[in-house]
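There are 4 protein chains.
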Amino acid sequence: MLHVHPSRAADLREPDQLRTEPAVPVETYEDSFGNICARLVAQPGTLRLHNLTTIEDSGQPDPVMPDARQASVAELPAETLRYLMPSRYCEVDLLSNTAVELFGAAAPGWPRVQAICDWVHQKVTFGYHYARPTRTALDVYTERVGVCRDFQHLAVTFCRAMNIPARYVTGYLGDIGVAAAPSPMDFSAWFQVYLSGRWWTFDARHNKPRIGRVLMAVGRDATDVAITTSFGAAPLTIFNVITDEVRRD
Amino acid sequence: MLHVHPSRAADLREPDQLRTEPAVPVETYEDSFGNICARLVAQPGTLRLHNLTTIEDSGQPDPVMPDARQASVAELPAETLRYLMPSRYCEVDLLSNTAVELFGAAAPGWPRVQAICDWVHQKVTFGYHYARPTRTALDVYTERVGVCRDFQHLAVTFCRAMNIPARYVTGYLGDIGVAAAPSPMDFSAWFQVYLSGRWWTFDARHNKPRIGRVLMAVGRDATDVAITTSFGAAPLTIFNVITDEVRRD
Amino acid sequence: MLHVHPSRAADLREPDQLRTEPAVPVETYEDSFGNICARLVAQPGTLRLHNLTTIEDSGQPDPVMPDARQASVAELPAETLRYLMPSRYCEVDLLSNTAVELFGAAAPGWPRVQAICDWVHQKVTFGYHYARPTRTALDVYTERVGVCRDFQHLAVTFCRAMNIPARYVTGYLGDIGVAAAPSPMDFSAWFQVYLSGRWWTFDARHNKPRIGRVLMAVGRDATDVAITTSFGAAPLTIFNVITDEVRRD
Amino acid sequence: MLHVHPSRAADLREPDQLRTEPAVPVETYEDSFGNICARLVAQPGTLRLHNLTTIEDSGQPDPVMPDARQASVAELPAETLRYLMPSRYCEVDLLSNTAVELFGAAAPGWPRVQAICDWVHQKVTFGYHYARPTRTALDVYTERVGVCRDFQHLAVTFCRAMNIPARYVTGYLGDIGVAAAPSPMDFSAWFQVYLSGRWWTFDARHNKPRIGRVLMAVGRDATDVAITTSFGAAPLTIFNVITDEVRRD
Chain A
2 MLHVHPSRAA DLREPDQLRT EPAVPVETYE DSFGNICARL VAQPGTLRLH
52 NLTTIEDSGQ PDPVMPDARQ ASVAELPAET LRYLMPSRYC EVDLLSNTAV
102 ELFGAAAPGW PRVQAICDWV HQKVTFGYHY ARPTRTALDV YTERVGVCRD
152 FQHLAVTFCR AMNIPARYVT GYLGDIGVAA APSPMDFSAW FQVYLSGRWW
202 TFDARHNKPR IGRVLMAVGR DATDVAITTS FGAAPLTIFN VITDEVRRD
Chain B
2 MLHVHPSRAA DLREPDQLRT EPAVPVETYE DSFGNICARL VAQPGTLRLH
52 NLTTIEDSGQ PDPVMPDARQ ASVAELPAET LRYLMPSRYC EVDLLSNTAV
102 ELFGAAAPGW PRVQAICDWV HQKVTFGYHY ARPTRTALDV YTERVGVCRD
152 FQHLAVTFCR AMNIPARYVT GYLGDIGVAA APSPMDFSAW FQVYLSGRWW
202 TFDARHNKPR IGRVLMAVGR DATDVAITTS FGAAPLTIFN VITDEVRRD
Chain C
2 MLHVHPSRAA DLREPDQLRT EPAVPVETYE DSFGNICARL VAQPGTLRLH
52 NLTTIEDSGQ PDPVMPDARQ ASVAELPAET LRYLMPSRYC EVDLLSNTAV
102 ELFGAAAPGW PRVQAICDWV HQKVTFGYHY ARPTRTALDV YTERVGVCRD
152 FQHLAVTFCR AMNIPARYVT GYLGDIGVAA APSPMDFSAW FQVYLSGRWW
202 TFDARHNKPR IGRVLMAVGR DATDVAITTS FGAAPLTIFN VITDEVRRD
Chain D
2 MLHVHPSRAA DLREPDQLRT EPAVPVETYE DSFGNICARL VAQPGTLRLH
52 NLTTIEDSGQ PDPVMPDARQ ASVAELPAET LRYLMPSRYC EVDLLSNTAV
102 ELFGAAAPGW PRVQAICDWV HQKVTFGYHY ARPTRTALDV YTERVGVCRD
152 FQHLAVTFCR AMNIPARYVT GYLGDIGVAA APSPMDFSAW FQVYLSGRWW
202 TFDARHNKPR IGRVLMAVGR DATDVAITTS FGAAPLTIFN VITDEVRRD
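Quick mapping for you: the protein sequence lines, in order, are chains A, B, C and D.
Numbering-wise, this note's numbering puts 109 at position 108 of the first sequence, and it's gapless, one number per residue.
Numbering-wise, this note's numbering puts 66 at position 65 of the second sequence, and it's gapless, one number per residue.
Numbering-wise, this note's numbering puts 204 at position 203 of the third sequence, and it's gapless, one number per residue.
Numbering-wise, this note's numbering puts 201 at position 200 of the fourth sequence, and it's gapless, one number per residue.
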């Protein structure tokens with residue numbers, strides 16, 4: 002899933018076509034979440050995947066709308082309902098009582114989501130060496146450590162438990178002019194919640210508005226939006242993400 | 002999800018419209034798996050949900066095709082790939098080594114799926130009192146007890162781990178003329194695998210061809226195809242499923 | 002572990018010798034927790050285990066001492082330290098942050114233990130059909146259902162996480178004159194905490210002082226004090242516990 | 002638990018007294034497993050713990066006794082029974098079916114333990130970066146990665162499931178003249194099984210006889226024999242283990 006999400010396609014100034022070395026046929030399809038997926042059969046040996054594009058961005062930080070309203074479940078559009086369900090890394094059923102105990106007193110809607118992000122951000126300790134592919138939201142809750150995906154999984158789970166549709170996303174986070182970019186650069190995970198009739202960006206890892214997020218894929222959790230899913234051994238040799246600001250004259 | 006699956010709609014001799022007492026508006030929509038979902042807001046008090054229909058069935062048991070072929074992952078249609086992924090109740094990642102150890106020596110395709118069903122059927126003990134909403138495939142593997150959904154979850158997980166697309170389904174299982182119906186009747190869970198370009202029925206609980214399965218919903222696991230998903234307290238008072246054979250003159 | 006605990010041996014008015022039908026040799030030994038364990042090799046066929054005794058009891062309910070003091074870890078006797086550690090059913094490490102968040106504001110010592118009992122008693126729903134041999138304290142925390150042992154496991158885990166030595170116990174609970182005995186009678190599980198230099202009785206399941214507890218065995222959790230531990234198939238056919246008050250003239 | 006185990010005390014050529022800088026009172030006691038435990042209250046600031054001793058060793062590798070016999074449970078001494086039970090990191094109950102399936106065909110006794118070590122050694126990938134304090138035997142079984150303690154936890158669990166008493170141990174592993182010592186040196190974990198009336202050393206991590214093991218502590222699992230157990234924040238600054246061969250003239 003190395004393409005920009007269709008919702009940002011209009012902002013692309015050049016196509017973000019995936020290229021491979023050696024060249025192999027790449028099939029592109031749209032999955033059930035509306036993401037663009039590229040699919041290929043790699044030959045034995047080293048494979049280089051890369052793409053390069055320019056995208057128009059507002060330069061504005063993530064919008065903040067403290068009075069964004071939480072719909073009752075009855076009002077929610079049908080297509081948002083699957084983002085209330087448990088998934089591989091988000092055991093909504095196992096953490097629903099905890100969610101109500103922790104966030105039941107917060108005002109519904111935006112303040113409740115913000116309370117969830119504040120809690121996760123404050124209680125979980127970040128560290129790259131904590132990365133573990135099997136860690137679920139419940140594991141994050143008990144272990145209180147993780148990388149960015151772990152923060153989002155726990156926050157997503159709490160939101161769903163409070164009947165707020167929440168989806169896990171991956172994308173680019175250029176972050177120019179706001180804070181020092183993490184070094185080395187990486188793709189990033191954040192999440193979206195459905196309030197007042199649209200999806201809003203939240204990020205329990207950074208927990209403050211950022212500039213330059215470019216959405217790549219949305220899903221129930223990291224299972225659905227892995228940057229690469231390999232069938233067969235595919236050890237990662239080098240991994241490089243570069244996002245630069247290109248100002249218009 | 003009380004409707005017959007669209008793939009069987011042509012067999013319906015009368016519409017299988019969901020009715021409620023007291024009457025409340027029922028909205029119908031198709032989810033991302035292609036299932037027909039009915040949605041309603043229940044008022045406080047007792048709610049009765051019922052539907053009634055007649056469906057044409059071949060009367061033939063589940064087809065058996067021992068030479069149904071397992072496609073390589075590269076050959077699989079894109080829309081089947083999500084049925085290789087882990088999900089809430091199917092931790093494919095955690096059981097993949099076990100699957101290879103247990104079933105790696107079985108011939109690919111139909112014989113491998115059958116080996117999986119045989120193993121699950123033989124190793125897991127059925128009992129209604131073992132029902133537990135939080136039991137995952139890994140729990141079934143370690144506890145070795147369960148109800149029908151548990152059998153299918155473990156089998157689905159093993160199939161996915163062997164790169165065979167597998168989906169969890171619910172439906173009616175009338176079973177006239179083959180074996181004594183379970184008493185009382187219930188909806189049933191089974192699963193489907195993708196071999197030789199189509200989906201085939203398997204059932205790790207019963208592990209033999211049955212007559213009269215009527216598909217209602219397909220999904221990644223029980224999360225996606227719950228008969229009812231309630232937001233708010235909705236204790237079940239009475240539950241009744243009746244399937245009768247109506248012979249054509 | 003069908004004998005009365007040595008701490009109550011002086012109260013026995015007759016020996017509580019374990020008898021078997023058919024008669025088989027029974028070896029008795031004391032385990033590392035100070036419990037009396039009986040050990041035997043059963044022949045194939047039905048085995049009846051029974052004992053019968055009379056014990057002197059104060060008739061007083063469990064003592065309540067709201068100013069019982071929580072020692073610092075440095076002050077604790079060495080032999081109590083193992084009751085601070087995690088064990089099979091009590092994942093102290095996984096619930097320590099939750100314990101501090103829930104009970105950190107309660108006054109140390111007795112009030113904190115009482116706060117733990119109140120929480121567990123209120124949040125967990127009792128039901129015999131919820132019995133499950135694999136349920137750990139973390140499972141109780143997430144599922145919020147269980148039988149008496151589950152209530153105690155969660156309370157024990159929270160106490161340990163707050164540096165209060167806590168041990169799981171089993172025994173007779175006659176309960177004459179206080180409340181209707183559960184029907185049918187059973188052995189019961191409760192727990193003890195170490196405050197002000199001694200062990201005190203708490204019971205997160207009933208959460209009120211009871212009369213007539215007779216201690217049988219203490220341990221880290223249910224693993225250590227199972228009434229029977231069988232090696233080989235040993236299905237339980239009938240199980241009967243009778244405790245009657247015998248008043249002195 | 003920085004002292005040599007009492008079973009090796011006769012081999013000490015100088016006392017292995019624990020010293021602290023700054024000097025604080027150190028209390029020593031024996032725990033229920035027979036280990037020597039030192040206990041102290043550290044003041045805020047840096048604390049250095051060290052000890053230094055010389056111990057006589059046979060220089061012989063771990064004994065191998067392929068005909069060491071597995072006692073029936075009925076024959077086992079009472080004090081070995083607790084090493085058949087589940088514990089925090091060894092969920093014997095959850096892995097007992099798997100153990101029987103994998104090792105039921107191996108000859109009882111030494112060959113069965115060796116089969117267990119071979120399996121764990123072959124299936125689990127070692128890596129220091131896989132270290133995780135919450136990983137249980139079931140996690141090792143599903144994740145197939147770990148550090149030395151994880152290898153032993155899984156092997157111990159499988160042995161117990163096959164009714165072979167098994168205990169987890171920590172100690173020094175000097176290993177001079179047999180294989181390159183790991184760099185930097187560390188304490189090591191291995192395990193012991195009870196066969197033919199005594200405890201034998203096995204090591205699923207290295208899976209071959211080694212020279213110069215010096216036992217420090219035995220227990221049910223890593224919970225019981227942690228080198229240090231701290232109550233309060235105690236970040237480790239530097240950690241150094243040096244074992245040198247001192248030949249007699």
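All C-beta atoms in this analysis are idealised placements derived from N, C-alpha and C, irrespective of residue type, glycine included.
Assuming Arg145 (chain A) and Asn98 (chain C) make a contact with CB atoms under 8 Å, what is their CB distance in whole Å? 6 Å
Where the region 183 to 207 of chain D meets chain B: residues whose CB sits under 8 Å from a CB there: none
Partners in chain D for His130 (chain A), counting only beta-carbon separations shorter than 8 Å: His130
When the Cα atoms are used, what is the spatial distance from Pro16 (chain B) to Ile56 (chain B)? 9 Å
Arg145 (chain C) at chain A interface by Cβ criterion, 8 Å: yes
Spatial neighbours of Arg40 (chain B) within its chain, please: CB distance less than 8 Å, with the 5 preceding and 5 following residues excluded, ordered by chain position. Val27, Glu28, Thr29 and Tyr30
Comparing alpha-carbon positions, which option in B:Gly198, B:Thr135, B:Asp222 and B:Ser197 lies nearest Ala190 (chain B)? B:Asp222
Please say whether Met2 (chain B) and Ala227 (chain B) have beta carbons closer to each other than 8 Å? yes
Can you tell me which of A:His154, A:His130 and A:Gly128 puts its alpha carbon nearest to the alpha carbon of Asp140 (chain A)? A:His154
Would you say Leu155 (chain C) reaches chain A, if we count a Cβ-Cβ gap shorter than 8 Å as a contact? no
CB contact below 8 Å: Thr224 (chain D) versus chain A: no
Cα separation between Val5 (chain C) and Arg113 (chain D)? 39 Å
Pick out whichever of A:Trp201, A:Val219 and A:Tyr90 has its Cα sitting closest to the Cα of Cys38 (chain A). A:Val219
Is the CB of Arg49 (chain A) under 8 Å away from at least one CB in chain B? no
Proximity to Thr158 (chain D) [Cα-Cα], best of D:Ala100, D:Gly60, D:Asp68 and D:Ser73: D:Ala100
Shortest alpha-carbon distance to Pro109 (chain B) belongs to which of B:His51, B:Tyr195, B:Leu19 and B:Thr229? B:Tyr195
Cβ separation of Cys118 (chain A) and Arg161 (chain A), assumed to be a contact under 8 Å, to the nearest whole Å: Their Cβ separation, rounded to whole angstroms, is 14 Å, which puts Cys118 (chain A) and Arg161 (chain A) out of contact at 8 Å.
Kindly indicate which residue of C:Ala205, C:Thr229, C:Arg206 and C:Ala167 has the alpha-carbon position closest to the one of Leu77 (chain C). C:Ala167
Closest to Gly65 (chain B) by CA distance: which of B:Arg133, B:Arg206, B:Trp111 and B:Ala156 is it? Reading off the sequence shown, one finds Val at residue 65 (chain B), where the question assumed Gly. The option with the nearest alpha carbon to Val65 (chain B) is B:Trp111.
If you drop the 5 nearest sequence neighbours on each side, which residues of the same chain put their C-beta closer than 6 Å to that of His67 (chain A)? According to the sequence provided, residue 67 (chain A) is Pro. The question's His does not apply to it. Contacts found: Trp111.
Which runs of the alpha helix (DSSP H) fall wholly inside the region 53 to 132 of chain C and span at least 4 residues, in chain order? 93 to 104 and 111 to 124
Reduced DSSP category for His154 (chain C) - H, G, I as helix; E, B as strand; rest coil: helix
Separation of Phe127 (chain C) from Arg253 (chain C), as counted between CA atoms: Residue 253 (chain C) lies beyond the residue range present for chain C, which begins at 2 and ends at 250; the question has no answer from this structure.
In chain D, which residues lie with their C-beta within 7 Å of the C-beta of Thr238 (chain A)? Within chain D, no residue comes near Thr238 (chain A); the closest Cβ sits about 17 Å away, beyond 7 Å.
In chain order, what residues of the same chain have a beta carbon less than 6 Å from the beta carbon of Thr171 (chain B), not counting five sequence neighbours either side? Phe188, Ala190, Met217, Ala218 and Val226
Straight-line CA distance for Gln61 (chain A) to Ile212 (chain A)? 6 Å
For Gly35 (chain A) and Pro7 (chain A), what's the separation of their Cα atoms in angstroms? 7 Å
For chain D, is any of its Cβ atoms less than 8 Å away from the one on Thr135 (chain A)? yes
Using DSSP bridges, identify the partner residues of His51 (chain C). C:Arg20
9 Å Cβ cut-off: residues of chain D touching Leu139 (chain B): Leu139 and Thr143
Interface partners of Val1 (chain A) on chain B, CB under 9 Å: For residue 1 (chain A) there is no data in the structure shown, the boundaries of chain A being 2 and 250.
Helix, strand or coil for Ala227 (chain C) per DSSP? coil
Does the Cβ of His207 (chain A) have 16 or more other Cβ atoms within 10 Å, making it buried, or fewer, making it exposed? buried
So what does DSSP say about Phe159 (chain B), is it helix, strand or coil? helix
Alpha carbon of Thr224 (chain B) to alpha carbon of Leu82 (chain A), nearest angstrom: 12 Å
Can you give me, in chain order, the residues of the region 95 to 108 of chain B that have a beta carbon less than 8 Å from any beta carbon in chain A? Leu95
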